[in-house]
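One structure below.
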């Protein structure tokens with residue numbers, strides 16, 4: 001985006017970040033733990049989300065150039081670590097997109113085509129991946145507009161869940177025990193979903209990928225972090241309460257839990273509730289689309305700004321009309337399509353498909369943060385000359401807490417994969433992805 005374009009405002013950055021972080025397809029999963037999941041949401045917000053937000057605010061305001069997480073890691077640890085980090089950050093979106101649209105296709109089927117065959121589910125998921133490719137190629141301005149509208153929709157959906165939960169509990173009684181004892185978590189039933197909660201809270205740094213396009217980033221980014229962080233945490237907790245008010249924890253499902261919880265909540269209004277149900281489910285499906293618009297934009301902008309695309313002629317191609325890195329989007333579409341076909345071919349169970357893809361994409365997604373948090377500490381010490389209009393308090397403690405949470409989440413994902421195909425995808429996929437990133441680094445080195 002050139003200088004003649006209007007800069008991104010504080011309000012737009014808040015909406016962009018809310019759209020990036022709030023996810024409706026996976027926020028339901030921790031509710032399987034029960035009422036104690038609300039406690040875990042709050043604890044994770046205090047131990048991880050707040051430190052992560054403060055740390056991201058310092059990095060984003062001190063180094064507002066495009067490139068985001070890549071440029072921070074490069075400044076701290078050099079090009080090799082930065083290339084691998086940037087590669088992980090970019091390719092994870094291609095691996096995550098299938099999980100999002102598996103959820104989309106099943107919600108669509110339940111609502112509008114209950115007898116739809118499995119091949120149609122796969123076709124819908126693949127089609128939506130290519131819709132994202134089409135939107136992304138058309139440029140940043142369309143993507144930002146979509147994300148702003150979607151942020152409002154996500155907030156509305158989670159508020160509806162929460163308020164309907166209050167109404168449902170008042171009319172029918174709560175489906176779960178909300179006594180004080182029920183809020184106490186136990187370690188044994190939380191490990192699988194801790195990773196999902198951490199995953200659901202990531203995305204603060206995404207706005208850094210378009211840092212040069214933000215109006216007064218040194219002031220805007222810290223303010224955005226505070227406002228967006230409070231709103232996001234409150235919405236996740238309120239939405240989780242709504243689910244648990246209407247659905248027993250034992251009956252919550254990872255893929256269709258959102259759908260059936262909403263369906264049950266809408267019974268508060270009797271037959272008229274069906275209309276509300278269909279409106280909300282359509283809006284929720286559209287937010288899944290918007291989430292991928294935001295993440296593909298951020299990932300591709302970061303990759304291009306970091307000039308990783310210049311390491312390969314294939315990656316560096318630009319669309320003649322829109323000037324966007326069209327091949328980056330197309331490669332994402334191809335990778336997503338292959339992953340969807342592979343998983344639908346080997347498993348007919350929606351939960352198995354969703355969790356296999358989700359776990360793999362989560363591991364790849366979490367790996368860059370193992371570099372990002374130490375980078376913040378390193379840069380504070382090695383680059384004191386850079387003006388920091390905002391300094392995160394207790395930066396080292398923030399970084400240590402964040403590093404522990406992310407590392408533990410990765411370990412839990414491998415631990416809970418079990419064996420067989422899911423574990424094979426996790427191990428084999430992670431190794432192959434890392435080797436591809438290493439090849440990208442060596443290709444650029446040889447080119448230079």
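In our numbering, the protein residues as written are 1 to 448.
A virtual CB, placed ideally from N, CA and C, is assigned to each residue, including glycine.
Here the structure is a predicted model, which is why all the values come from computation and not from measurement.
Close-in-space but distant-in-sequence residues of the same chain around residue i (CB under 6 Å, 5 per side omitted)
| i | result |
| --- | --- |
| residue 358 | 99 |
| residue 146 | 290 and 293 |
| residue 252 | 31 and 32 |
| residue 221 | 57, 60 and 61 |
| residue 199 | 362 |
| residue 2 | With a pLDDT of 45 at residue 2, under the threshold of 50, the modelled position of that residue is not reliable, and the figure given next carries that caveat. The answer is none, since no qualifying residue turns up. |
| residue 206 | 20 and 298 |
| residue 300 | 325 and 328 |
Extent of the continuous alpha helix (DSSP H) to which residue i belongs
| i | result |
| --- | --- |
| residue 415 | 395 to 415 |
| residue 80 | 79 to 112 |
| residue 136 | 118 to 137 |
| residue 449 | Given a span of 1 to 448 for the chain in the structure shown, any question on residue 449 remains unanswerable. |
| residue 52 | 50 to 62 |
| residue 20 | 10 to 21 |
| residue 255 | That residue, residue 255, is in no alpha helix (DSSP H); it is neither H nor E in DSSP. |
| residue 242 | 217 to 246 |
| residue 335 | 326 to 346 |
| residue 43 | 36 to 44 |
Residue i, buried or exposed, once every other Cβ within 10 Å from all chains shown has been counted against 16
| i | result |
| --- | --- |
| residue 401 | buried |
| residue 172 | exposed |
| residue 257 | buried |
| residue 275 | exposed |
| residue 12 | buried |
| residue 20 | buried |
| residue 179 | exposed |
| residue 91 | buried |
| residue 115 | exposed |
| residue 117 | exposed |
| residue 365 | buried |
| residue 440 | buried |
| residue 431 | exposed |
| residue 381 | exposed |
| residue 450 | An answer regarding residue 450 cannot be provided, because it is not within the stretch 1 to 448 covered by the chain. |
7 Å Cβ shell around residue i - same chain, five flanking residues per side excluded
| i | result |
| --- | --- |
| residue 55 | 373, 376, 392, 395, 398, 399 and 402 |
| residue 9 | 215 |
| residue 339 | 95, 98 and 357 |
| residue 407 | 370 |
| residue 24 | 154, 157, 258, 284, 287 and 288 |
CB contact check: residue i to chain C, cutoff 8 Å
| i | result |
| --- | --- |
| residue 96 | Reference to chain C is not applicable here, since this structure consists of a single protein chain. |
Own chain partners of residue i with C-beta closer than 8 Å, once the 5 adjacent residues on each side are dropped
| i | result |
| --- | --- |
| residue 155 | 18, 22, 231 and 235 |
| residue 35 | 176, 177, 178, 182, 183, 244 and 249 |
| residue 217 | 60, 61, 64 and 211 |
| residue 409 | 194, 195, 198, 199, 362 and 366 |
Whole-number beta carbon distance between residue j and residue i, since they are thought to touch under 8 Å
| i | j | result |
| --- | --- | --- |
| residue 150 | residue 324 | Not really, about 20 Å apart at Cβ, beyond 8 Å. |
| residue 38 | residue 241 | 6 Å |
Validate contact between the stretch 314 to 332 and the stretch 383 to 393 using beta carbons, cut 8 Å, 3 pairs: no
Hey, is the stretch 262 to 273 in contact with the stretch 285 to 302, meaning 3+ C-beta pairs nearer than 8 Å? no
Touching by the beta-carbon criterion (3+ pairs, under 8 Å), the stretch 229 to 236 and the stretch 64 to 83: no
Does the stretch 157 to 166 come into contact with the stretch 363 to 371, if we say contact requires no fewer than three beta-carbon pairs (one atom in each stretch) closer than 8 Å? no
Okay, do the stretch 101 to 115 and the stretch 123 to 136 touch, 3+ Cβ pairs below 8 Å being the bar? yes
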